[in-house]
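One structure is given here, and the rest of the page talks about it.
Residue numbers (our numbering): 30 to 320.
Right under this line is the structure:
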């Protein structure tokens, strides 16, 4: 099976996001790419986690004013201030589950950040109380296999090839692709209430987002296996210890703590940041594109 095919199966079958809340937590789920009659239990742990965190007071950054290209996006909110461009996953009613249009829009938003000479640092975060609940279950139903492969390849490449500093501000639960992409960021700031979960094997599917390469490299094979193969949910403190998160902050003032750090980064010489990132990242770039 090709990497593109495997990635398609992951995104096609990962049942996270809209629609789950309407199902009983014990509802079995049949997967179209498994043998007839093969079911795996709906991972209620994901649902319960996202629901629990959603009961917290909603929050989000107020970093700057909307950019000129912000209006083109349905479920992203893009702002700019003092050299920092912030891309907010803006679908809080669905816990920021990623739709196929959001995949494409993230690519466009990152491309705009690259083109803008005033953007020194780019940060992503989630609206409301969840960073990203993974893939919307309705994804790719009207696309051909070739279209899906092209979309996901572009999405991954946008992160792998992003030349400027890229910061994730994980304000709540990060599930599936919300977790697996994090090693492609340069810095990951996390709320103390954030949790990280990759329930792939519980759904009968395989890992995604370059994590088969990046997770063992970051934390060692055994710890990566706990998370990617055996569905271990990781707290923010554990993510820090595993080098998945750079720093952890109190949930009540996450954005107040992070913003001065982003401002300080944006004051550094841009060319120096770009060249230094290339020196530290280019050595693994080819491997990431092949995963």
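We treat Cβ as the ideally placed atom computed from N, Cα and C, and that holds for glycine. Model, not experiment: these values are computed from the prediction.
Just so you know, the alpha carbons of residue 189 and residue 168 end up roughly 22 angstroms apart. Sequence-distant partners of residue 278 (beyond 5 residues in either direction) whose C-beta falls short of 8 angstroms from its own C-beta, in its chain, are 218, 219, 220, 221, 286 and 287.
The Cβ atoms of residue 223 and residue 201 sit closer than 8 angstroms to each other. With fewer than 16 neighbouring CB atoms inside 10 Å of its own CB, residue 282 falls in the exposed class. Per DSSP, the beta bridge partners of residue 95 are 108.
In the DSSP assignment, residue 154 falls within the beta strand (DSSP E) that extends over 150-155. Excluding the 5 residues flanking it on each side, residue 110 has same chain C-beta neighbours closer than 6 angstroms at 92 and 93, in chain order. Contact between residue 117 and residue 155 holds, since their C-beta atoms are separated by about 7 angstroms, short of 8 angstroms.
When the five nearest sequence neighbours on each side are left out, the beta carbons in the same chain lying within less than 6 angstroms of the beta carbon of residue 142 are those of 114, 148 and 151, in order along the chain.
In the displayed model, residue 320 falls within coil according to three-state DSSP, outside both helix and strand. Annotation: the continuous beta strand (DSSP E) that includes residue 161 extends over 159-161. Secondary structure at residue 118: strand, using DSSP grouped into helix, strand and coil.
For residue 220, the pairing in a beta bridge is given by DSSP as 278. Under DSSP, the beta-bridge partners assigned to residue 225 are 203 and 263.
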